[in-house]
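Engineer:
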Amino acid sequence: MELPAFTVIIPVRDREGSIGRAILSVLEQEYADLEVVVVDDGSSDGTSEVVKTVADSRVRLLRQQPQGVSAARNYGAAEARGRWLTFLDSDDEALPGWLASFAALLCLPDTGVACVGVEMLVGAGEPERISPSPLGPIYEDSSGLFLAGSFALRLELFTEVGGYDAALAYSENTELGLRLTTLCRVRGLEIRCDPQARIRYRPSVSTGDHAKRRTIARLESARLLLARYGERLGREPRVLASYWAIASVAAGRLGRFSEARRFAVRAVAVRPWNPRHWGRLALCLVPGLGRRVWARQSGIDP
């Protein structure tokens, strides 16, 4: 059997209303030398049944017990048959030219990773378009964009870098991008970019228990990134302070104000002239006010 050029991995849990659209957007690509590996991460709805109705031999369904999006992507990659690998979230859509653009970049000599722009749907207004851009010294002065669907890479490079960190359910693409840019520099490989939007990206909106779980994941990811990459993030103090602020706000939204204060103090110490960091610290020092403000923003009941 001839192997496909691309493996597109779609991790999914309880998305019976959107998974069909995501798969179809891949199958309708003009660049057709592909397989789609859908990894059902323990769905309790009809997601798997929807996937089974897709009458295309290029689509494969894998199942696992709930382990999270990063573990699902790694499972799909372990079963991939393509020489190139990319990922698509189950509520997003590939736009025309997505795989063709990746292929054109990956065929160039010494390309390790290819990046494209995204069209982000926020509310009812015009889509926000985000293009790959210079990422600064934290990312080895590379240009790129690391969101699900915005990058593709050689399968062996994904394997060599160790795949996704399965402990992460938030900022997992950022963390992978940090390791990939370092590996590309060491290997002498290029990260090449197409500025055009090739993915339609839908940021998720969470409330209640789901919002709380995402806030916990955000806090845990910020802690991990600061512990693992704190010195590297310090190459750009603005970014380092932002991660301390992210951790502070997440802890505050969860009602962990002692922890939130510690993180806010670190943000202020790194960027003392930024009034937003002082404002967050003030909210940490007045828990009643902080609880009300962050509850309105996060969708978590105070």
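Residue numbers (our numbering): 1 to 302. Glycine included, every Cβ here is placed at the ideal spot set by N, Cα and C. Small disclaimer: the values here were computed from a predicted structure and weren't measured.
Need the endpoints of the alpha helix (DSSP H) that Arg261 sits in, please.
Structural biologist: Its alpha helix (DSSP H) spans residues 257-270.
Engineer: In this structure, how does DSSP classify Glu2 when only helix, strand and coil are distinguished?
Structural biologist: Here Glu2 sits in coil by DSSP.
Engineer: Am I right that Ala222 and Ala247 are in contact with their C-beta atoms under 8 angstroms? What's the rounded C-beta distance?
Structural biologist: So it is a contact: roughly 4 angstroms between Cβ atoms.
Engineer: For Gly288, count neighbouring C-beta atoms within 10 Å of its own C-beta (all shown protein chains included) and say buried if the count is 16 or more, exposed if not.
Structural biologist: Gly288 should be labelled exposed.
Engineer: Leu85 lies in the beta strand (DSSP E); which residues open and close that run?
Structural biologist: 84-87 is the span of the beta strand (DSSP E), which, as asked, contains Leu85.
Engineer: State the DSSP-derived secondary structure class of Ile300, mapped to helix, strand or coil.
Structural biologist: Its pLDDT being 48, under 50, Ile300 is placed unreliably by the model, and nothing is read from it.
Engineer: Determine the direct distance from the alpha carbon of Gly112 to that of Leu189, and round the result to whole angstroms.
Structural biologist: Straight-line Cα distance between these residues: approximately 5 angstroms.
Engineer: For Cys115, which three-state DSSP category applies?
Structural biologist: Strand at Cys115.
Engineer: Gly136 to Ser142, Cα distance in whole Å?
Structural biologist: Between Gly136 and Ser142, the C-alpha separation is close to 7 angstroms.
Engineer: Starting from the C-beta of Cys88, find all residues in its chain whose C-beta is less than 7 angstroms away, skip the five residues before and the five after it, and write them out in chain order.
Structural biologist: The identity of residue 88 in the sequence shown is Leu, whereas the question assumes Cys. Contacts found: Val8, Ile10, Ala22, Val26, Ala94, Ala148, Gly149.
Engineer: If we count Cβ pairs, one from each stretch, closer than 8 angstroms, do we get three or more for the stretch 180-197 versus the stretch 91-106?
Structural biologist: Touching, per the Cβ criterion.
Engineer: For Cys115, does the count of other Cβ atoms within 10 angstroms reach 16, so buried, or fall short, so exposed?
Structural biologist: With 16 or more other Cβ atoms within 10 Å, it is buried.
Engineer: Check the DSSP bridge columns for Leu106 and list the partner residues they point to.
Structural biologist: In DSSP, Leu106 forms no bridge with anything.
Engineer: Count the CB pairs spanning the stretch 169-179 and the stretch 98-108 that are closer than 8 angstroms, and state whether there are at least three.
Structural biologist: With a cut-off of 8 angstroms, the stretch 98-108 and the stretch 169-179 do not count as touching, because too few Cβ pairs lie within range.
Engineer: Mapping DSSP to helix, strand and coil, what is Pro275?
Structural biologist: Correct three-state label for Pro275: helix.
Engineer: Select from Ser70, Ala267, Arg291 the residue whose C-alpha is nearest the C-alpha of Leu303.
Structural biologist: There is no way to answer for residue 303, as the model of the chain reaches only from 1 to 302.
Engineer: Measure the alpha-carbon distance for Cys284 versus Ser258 and round it to whole angstroms.
Structural biologist: If you take the alpha carbons of Cys284 and Ser258, they lie about 8 angstroms apart.
Engineer: Please determine, among Arg200, Arg232, Val249, Tyr229, the residue with the shortest C-alpha to C-alpha distance to Arg218.
Structural biologist: The residue with the shortest Cα to Cα distance from Arg218 is Val249.
Engineer: Are the Cβ atoms of Tyr243 and Leu225 separated by less than 8 angstroms?
Structural biologist: Yes, they are a contact pair.
Engineer: Name the two residues that bound the continuous beta strand (DSSP E) containing Ile313.
Structural biologist: For the chain, the structure presents residues 1 to 302; residue 313 sits outside this window and is missing.
Engineer: Could you tell me the boundaries of the beta strand (DSSP E) in which Ala152 lies?
Structural biologist: 151-154 is the extent of the beta strand (DSSP E) around Ala152.
Engineer: Alpha helix (DSSP H) containing Arg13: first to last residue?
Structural biologist: Counting along the chain, Arg13 falls outside any alpha helix (DSSP H), and DSSP gives it neither H nor E.
Engineer: Look at Ile138 and Val239 and say whether their C-beta atoms are less than 8 angstroms apart.
Structural biologist: Their beta carbons are under 8 angstroms apart, which means Ile138 touches Val239 by this criterion.
Engineer: Around the Cβ of Trp294, are there at least 16 other Cβ atoms within 10 angstroms (buried) or fewer (exposed)?
Structural biologist: Classification of Trp294: buried, given that the 10 Å Cβ count is 16 or more.
Engineer: Which ranges does the beta strand (DSSP E) cover as unbroken runs of at least 3 residues, wholly within the stretch 20-92, from first to last along the chain?
Structural biologist: Complete beta strand (DSSP E) runs here, min 3: 34-41, 59-64, 84-87.
Engineer: Of all the options Arg73, Gly279, Arg13, which has the alpha carbon lying nearest to the alpha carbon of Glu49?
Structural biologist: Comparing Cα-Cα distances from Glu49 to each of Arg73, Gly279, Arg13, the minimum goes to Arg13.
Engineer: Apply the 10 Å Cβ neighbour rule to Ile300 and answer buried if 16 or more other Cβ atoms are within range, or exposed otherwise.
Structural biologist: For Ile300, the pLDDT reaches just 48, beneath the cut-off of 50, and the residue's location in the model is therefore unreliable, although a value from the coordinates is still provided. With 16 or more other Cβ atoms within 10 Å, it is buried.
Engineer: Contact check, Leu183 vs Leu157 under 8 angstroms by CB: the rounded distance?
Structural biologist: Contact holds; Cβ gap of about 7 angstroms.
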